[in-house]
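Written below as structure tokens is the structure these notes are about.
Residue numbers (our numbering): 2 to 102.
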């Protein structure tokens, strides 16, 4: 069985791959920084053309040090601070650009 389906969801733009990471399921809720980074380091080995990494998690389930470490490594981290779905969306949404080939 491939490890890839457990790592995240892939979107192929033709040149690079966008990897969407569910932090709570892949790294673990409230994981220590060392554990989180070790699992993150394993990710590119399972992606043919690594590109952008985007991770999401409920804000209360990720340690601030892990968030900082992921951002330092170029991972865009999105997390919810509000229980309102509309507020969560507006806080995490960013202008999407159409895929180009």
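The C-beta atom is built at its ideal place from N, Cα and C for all residues, glycine as well.
Note that the coordinates shown come from a computational prediction; the quantities given were computed from them, not determined experimentally.
Contact set for residue i: own chain, Cβ-Cβ below 7 Å, skip 5 residues either direction
i          : result
residue 62 : 25, 30 and 31
residue 38 : 70
residue 66 : 34
C-alpha gap between residue i and residue j, whole angstroms
i          : j          : result
residue 56 : residue 77 : 6 Å
residue 42 : residue 75 : 12 Å
Closest Cα partner of residue i within the set the options
i          : options       : result
residue 23 : 59, 74 and 66 : 59
Whole-Å CB distance - residue i paired with residue j, under 8 Å assumed
i          : j          : result
residue 53 : residue 79 : Not confirmed; about 12 Å, so no contact.
residue 34 : residue 72 : With a Cβ gap of about 12 Å, residue 34 and residue 72 do not count as contacting.
Buried/exposed call for residue i, threshold 16 Cβ in 10 Å
i          : result
residue 36 : exposed
residue 68 : buried
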